[in-house]
DNA sequence: TTGTAGGCGTTATCAC
DNA sequence: GTGATAACGCCTACAA
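Chains as they are written, first to last, in this note's numbering: chain A, 323 to 689; chain B, 323 to 689.
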């Protein structure tokens with residue numbers, strides 16, 4: 323009785339007017355199949371772009387079009403044992419970079435079936451791995467993206483492989499296999515920036531470090547040292563102070579450098595928040611910028627444009643990295659016909675953004 | 323044959339050692355049911371907190387615990403026709419507020435089964451409604467949250483009701499039924515701020531508007547006018563200029579006000595980005611802040627602390643609003659045993675954050 | 001209060 | 001290349 327219930331109903335309507343089997347309910351592949359005169363499985367094959375006869379495909383696609391059929395994501399998720407979701411794991415922080423990255427991911431998946439889920443986790447927590455595993459186990463996402471400093475942990479990558487979850491690790495250096503990495507050339511671009519600084523006559527260059535344990539901090543410091551060496555300048559450890567990527571730590575670092583007996587003429591901070599802090603420390607001391615002190619940052623945060631003077635900085639192409647990470651993660655869903663995942667780059671170039679905060683060294687002060 | 327296949331297998335193992343029916347597969351409620359000696363439906367009832375005998379519940383919960391069973395979200399989603407997801411619709415912008423709000427939502431759902439999906443949409447697009455409808459139709463979320471300016475459109479709310487999707491509209495004034503609204507008291511707090519400004523001796527108060535069509539902009543302007551009226555001050559339309567909530571529009575607005583023949587001694591900008599722009603315009607003109615000009619903003623963005631001088635502003639409790647919105651949206655999942663959705667507030671108080679940018683009016687300049 | 005049968009919309013298996 | 005039938009893991013309706 324049940325088996326026969328639908329068929330008659332359908333024959334009355336669907337062959338003429340596209341109507342769902344039940345009033346109020348959405349269309350299913352069964353409707354499409356009947357309308358196109360094929361089996362459910364054939365419709366499924368079209369949805370999943372499996373190889374088939376062109377004519378059949380065209381027929382089904384026409385049916386989908388005229389019926390306005392939209393596949394049910396939940397049902398596919400159940401059958402696939404995968405959710406149509408990308409998870410972005412971020413270390414719980416107020417980082418504007420995480421948001422920029424997120425925007426990049428969203429732009430890449432905007433027209434796809436995919437959704438982005440954001441999951442903040444605490445890298446200090448002893449339950450970090452368990453938290454991530456639970457979330458992945460629940461959501462069964464198509465892929466996961468890890469931002470620094472989470473991305474720097476190899477054990478997270480290994481866990482994903484064990485759980486059979488695709489992932490991409492994002493950072494300031496290659497952290498995993500090419501297909502699982504997106505990174506920026508922090509070291510090289512910092513070297514280039516410092517070269518510019520030296521070319522402007524500066525000899526005493528202060529450096530504010532990022533937090534220890536962050537790969538980005540190490541890379542940027544390495545680039546700094548490399549540039550000094552290349553320029554034949556000594557590395558003065560007294561001009562290198564610690565920071566934690568926070569505005570407040572930038573204020574402290576700036577204070578330490580500026581109150582020293584022989585302060586630098588320019589300070590490079592390993593990110594913009596700290597550069598803004600250094601700027602504040604300079605203002606507090608009545609310095610005129612960039613006349614008395616030049617400041618250079620890294621990130622190209624919104625704040626870089628909004629402080630006075632506006633900050634010469636490195637544009638960290640984090641949004642592009644987000645889009646790239648998404649495309650590497652699910653190439654079959656996000657890449658067009660002609661594109662090939664193997665052609666996707668893994669490294670994205672940072673660029674120097676000249677603004678107001680970097681000036682020439684004063685005559686008397688250089689050297 | 324098929325029906326019997328599982329049972330014998332299970333009886334051998336599950337009663338002694340908790341093992342999934344198939345090697346490598348996850349446990350299902352069937353496993354839990356057999357282990358606890360009840361039916362699948364009973365386990366389902368426990369998962370959904372339906373009323374049942376305490377002893378049975380305890381037995382099943384013990385089984386879930388010892389087996390480490392985690393329900394399959396996709397299967398539940400398919401059966402419920404609802405995904406365990408909250409969607410946050412944001413107008414595509416670089417707003418730091420959207421991210422703060424997001425953090426609030428995430429904190430509220432952190433320990434639940436729910437995930438947060440973020441969906442940027444373009445409020446200018448003619449397809450706005452269709453875009454949202456498509457996304458809701460695909461994801462079938464447990465609820466949707468709309469941030470300004472999307473939240474100000476009644477048609478979006480009506481569409482959600484038609485689609486049977488719960489929603490919350492967030493804004494600077496009540497926009498919908500209490501149970502579907504979360505808002506802040508923008509008007510009142512601006513009135514209070516302006517009262518403070520007047521108390522400091524200022525009489526010529528500049529005002530930078532938000533974009534027309536934004537409810538928040540109207541509310542903040544209304545609060546401003548109200549305060550002037552209450553103080554017995556005239557409203558000088560020449561001191562009120564337009565802005566778009568952007569840094570650049572703040573620079574232009576600041577320039578317009580400061581280059582006028584008789585400039586104000588203090589400028590209130592309707593958000594912090596514009597206040598930062600006004601600050602820049604003042605710096606460019608060589609003004610000393612707050613001696614020559616006081617500036618007050620609204621939002622308490624990160625930039626408010628990082629510019630020089632730091633910005634006296636209104637703390638817009640957007641993260642709290644995010645957490646509140648989530649809890650109102652799915653109270654049965656996010657509220658504790660003793661809590662009641664009816665007790666949740668709808669309005670969140672903004673507070674004034676005194677920093678450096680607001681000073682007393684100079685003797686000669688006041689009036 | 002608990003259990004049984006059937007369905008949610010899709011994909012996988014394995015014939016044809 | 002295409003189709004019938006059985007999963008996928010849970011919930012709803014209804015029966016006991």
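Idealized CB from N, CA, C, for every residue including glycine. If you're wondering where the values come from, they're calculated on a predicted model, not measured in any experiment.
Just tell me which of the options has its CA closest to the CA of residue i.
i	options	result
residue 698 (chain B)	B:530, B:463 and B:520	The structure shown does not extend to residue 698 (chain B), since chain B is modelled only from 323 to 689, so the question has no answer here.
residue 385 (chain A)	A:349, A:404 and A:396	A:349
residue 459 (chain B)	B:514, B:678 and B:409	B:409
residue 656 (chain A)	A:356, A:580, A:465 and A:526	A:465
residue 644 (chain A)	A:490, A:531, A:557 and A:452	A:490
residue 495 (chain A)	A:353, A:545, A:593 and A:457	A:545
residue 551 (chain B)	B:514, B:604, B:635 and B:586	B:514
residue 417 (chain B)	B:567, B:575, B:650 and B:631	B:567
residue 474 (chain A)	A:624, A:540, A:638 and A:565	A:540
residue 509 (chain B)	B:481, B:620 and B:457	B:620
residue 673 (chain B)	B:682, B:642, B:658 and B:651	B:642
residue 636 (chain B)	B:449, B:617 and B:664	B:617
residue 658 (chain B)	B:364, B:363 and B:371	B:371
residue 523 (chain B)	B:497, B:553, B:542 and B:543	B:553
residue 602 (chain B)	A:632, A:651, A:478 and A:444	A:632
residue 604 (chain B)	A:589, A:615 and A:630	A:630
residue 380 (chain A)	A:360, A:660 and A:448	A:360
residue 651 (chain A)	A:585, A:611, A:468 and A:634	A:468
residue 476 (chain A)	A:653, A:498 and A:517	A:498
residue 512 (chain B)	B:634, B:585, B:609 and B:447	B:634
Is residue j closer than 8 Å to residue i when the C-beta atoms are compared?
i	j	result
residue 598 (chain B)	residue 628 (chain A)	yes
residue 423 (chain A)	residue 640 (chain A)	yes
residue 411 (chain B)	residue 441 (chain B)	yes
residue 493 (chain B)	residue 537 (chain B)	yes
residue 580 (chain B)	residue 613 (chain B)	no
residue 587 (chain A)	residue 432 (chain A)	no
residue 596 (chain B)	residue 530 (chain B)	yes
residue 506 (chain B)	residue 638 (chain B)	yes
residue 382 (chain B)	residue 368 (chain B)	yes
residue 413 (chain A)	residue 471 (chain A)	yes
residue 354 (chain A)	residue 389 (chain A)	yes
residue 444 (chain A)	residue 451 (chain A)	no
Can you look up residue i in the DSSP assignment and give me helix, strand or coil?
i	result
residue 529 (chain A)	strand
residue 605 (chain B)	helix
residue 618 (chain A)	strand
residue 535 (chain A)	coil
residue 469 (chain A)	coil
residue 499 (chain A)	coil
residue 613 (chain B)	coil
residue 506 (chain A)	strand
residue 410 (chain B)	strand
residue 692 (chain B)	The question about residue 692 (chain B) has no answer, for chain B in this structure spans 323 to 689.
residue 591 (chain B)	strand
residue 438 (chain B)	strand
residue 683 (chain A)	coil
residue 443 (chain A)	strand
residue 515 (chain A)	helix
residue 520 (chain B)	helix
residue 600 (chain A)	helix
First and last residue of the beta strand (DSSP E) that includes residue i?
i	result
residue 706 (chain A)	Beyond the ends of chain A as shown, which are 323 and 689, falls residue 706 (chain A); an answer cannot be given.
residue 491 (chain B)	489-493
Starting from residue i, follow the alpha helix (DSSP H) in both directions and report where the run begins and ends.
i	result
residue 357 (chain B)	351-358
residue 624 (chain A)	624-628
residue 368 (chain B)	362-369
residue 382 (chain B)	376-389
residue 418 (chain B)	418-431
residue 559 (chain A)	No alpha helix (DSSP H) contains residue 559 (chain A), which DSSP labels as neither H nor E.
residue 649 (chain A)	640-651
residue 398 (chain B)	395-402
residue 573 (chain B)	569-580
For the ligand SAH, I want to know if residue i counts as a neighbour, meaning its beta carbon is within less than 7 Å of at least one of the ligand's heavy atoms.
i	result
residue 434 (chain A)	In the structure shown, the ligand SAH is absent, as is every other ligand, since no ligand is present at all.
_For the segment 661-672 of chain A against the segment 481-488 of chain A, do three or more pairs of beta-carbon atoms, one drawn from each stretch, fall closer than 8 Å, so that the two count as touching?_
no
*asked:* Quick test of the definition: if touching needs 3 or more C-beta pairs under 8 Å, does the segment 499-518 of chain B touch the segment 572-579 of chain B?
replied: no
*asked:* Measuring CB atoms only, is the segment 646-662 of chain A touching the segment 425-432 of chain A, in the sense that at least three cross pairs come out at less than 8 Å?
replied: yes
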